[in-house]
Amino acid sequence: MSDTLHLSAETRDRAGKGASRALRRDGRVPAVIYGNKQDPQGIHLNARELMKQLMTGHFMNSVIMVDVGGAKVRTLAKDVAFDVVSDQPIHVDFLRIAENATVTVAVPVVFTNEDDAPGIKRDGGVLNVVAHEIELTVEASNIPTEIVVDLTGREVGDSIHLSDVTLPNGAEATAGDDTVTVATISQPTTLTAEDEALDAEVAEAQSAEAAAEGEGEDKAEG
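So in the numbering used here, spot 17 of the sequence shown is number 18, and the numbers just go up one at a time.
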């Protein structure tokens, strides 16, 4: 189960681009809390504190307790907007949730025991991940940090489906189809004689081009 995260916040009285830019200059990140049949509430967060929580790797699938002036609000992060240049967070949307609410979250998939998969260890097969995340409907108090897929015994040609994945008690995959493919183990890629000949031809052409450029530079200097 993922840990509950905590963030402190202050009420945001003014809205608009100008007010948001002023907050960011002061090291704050504007945000909004909405949902649970209540009016949206504008807030702002400490940018460094927010980045620290984002770096946990499970910000988007954890319950986040937002402390707004002493009043703690149970939330889930629904969206984080980032600056396209600096890649810093510039706005966050939080969804209010009740203590025992059922929520829908995307949980990352982690693959273990590759060394115990004969198709990978012995035969050099390649693990092709189809689903890096699985969307679950689960109680907010029971959101998993990750979903573990054990590769023990897997052979080349095997497909791992949703039916092969163990989900937390009470959790259901929103896909609703156990045949959805999560990953496959495919044959290793081998170079054919034609591939090798083509590689040699490309290398020779690049070498000739480099030599010609070198001769041109020598003549220009002379």
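Glycine is no exception: its CB is placed at the ideal position from the N, C-alpha and C atoms.
- Look at the beta carbons and you see the region 111-121 not touching the region 79-94: under three pairs across the two are nearer than 8 Å.
- Distance between Leu152 and Ser9, taken at the CA atoms: about 41 Å.
- By the beta-carbon neighbour count (other beta carbons within 10 angstroms, threshold 16), Ser87 is exposed.
- Rounded to the nearest whole angstrom, the CA to CA distance from Val111 to Asp94 is 27 Å.
- The closest CA to that of Asn37, considering only Arg15, Asn101, Gly71, His45, is found on Asn101.
- For secondary structure counted as the beta strand (DSSP E) over 3 or more consecutive residues, the region 12-79 holds these complete runs in sequence order: 29-36, 39-47, 64-69.
- The alpha-carbon separation between Ile98 and Leu77 amounts to approximately 7 Å.
- One alpha carbon belongs to Asp4, the other to Ala107, and they sit about 16 Å apart.
- Here DSSP, grouped into helix, strand and coil, assigns Glu173 to strand.
- About 18 Å separates the beta carbon of Ile135 from that of Asp159, a gap too long to meet the 8 Å contact definition.
- Collapsing the DSSP output to three states places Pro145 in coil.
- Comparing alpha carbon positions, the residue from Glu11, Ala174, Thr146 closest to Asp68 is Glu11.
- Ranked by Cα distance from Leu96, the options Ile65, Asp116, Gly71 are led by Ile65.
- By the beta-carbon neighbour count (other beta carbons within 10 angstroms, threshold 16), Pro41 is exposed.
- Pairing His162 with Thr190 gives a Cβ-Cβ distance that is not under 8 Å.
- The secondary-structure analysis by DSSP pairs Pro109 across a beta bridge with Glu134.
- Note that the C-beta distance between Asn47 and Arg25 is not below 8 Å.
- In this structure, the CA atom of Gln188 is about 28 Å from the CA atom of Glu147.
- Only exposed fits Gly19, as fewer than 16 other CB atoms lie within 10 angstroms of its CB.
- If you draw a 10 Å sphere on the C-beta of His7, you find fewer than 16 other C-beta atoms in it, and that means exposed.
- In the displayed model, Ile121 falls within a helix according to three-state DSSP.
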